[in-house]
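Offset between the sequence shown (1-based) and our numbering: plus 244. The beta carbon of each residue, even a glycine, is placed where N, CA and C say it ideally should be.
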Amino acid sequence: YKHAVLGDTKYQHDDSRDQWRQRGINGLCLHSRSIGFQAATGHQVTVVAPIPNPMHRFLVDAGCDPDIY
245 YKHAVLGDTK YQHDDSRDQW RQRGINGLCL HSRSIGFQAA TGHQVTVVAP
295 IPNPMHRFLV DAGCDPDIY
């Protein structure tokens, strides 16, 4: 099966995309919560990004706890 990423304007069907836009999803629901790497100095660097508001609302409305992801 092939499924587009939620909010994908290229591969998602127009009717499905319109339904998600009505719910406030106007872009890709694709998010990297954190990334880490070892810097040249040898220190571990970790960058954490909050979940964007529209995605956060969607997860809450779907009954998920966005803070565990």
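Backbone secondary structure at residue i - three-state DSSP
i	result
serine 276	coil
leucine 250	coil
proline 298	helix
arginine 267	coil
Delimiting residues of the beta strand (DSSP E) encompassing residue i
i	result
valine 292	288-292
Which residues DSSP lists as bridging residue i, in chain order
i	result
glutamine 282	Gln288
Own chain residues within Cβ distance below 8 angstroms of residue i, not counting five before or after
i	result
serine 276	Ala293
Continuous alpha helix (DSSP H) stretch holding residue i: start and end
i	result
aspartate 309	From DSSP, aspartate 309 is part of no alpha helix (DSSP H); its letter is neither H nor E.
Sequence-distant residues of the same chain with beta carbon closer than 7 angstroms to residue i, five excluded per side
i	result
aspartate 252	Leu272
isoleucine 269	Leu250, Gly251, Pro298, Phe302
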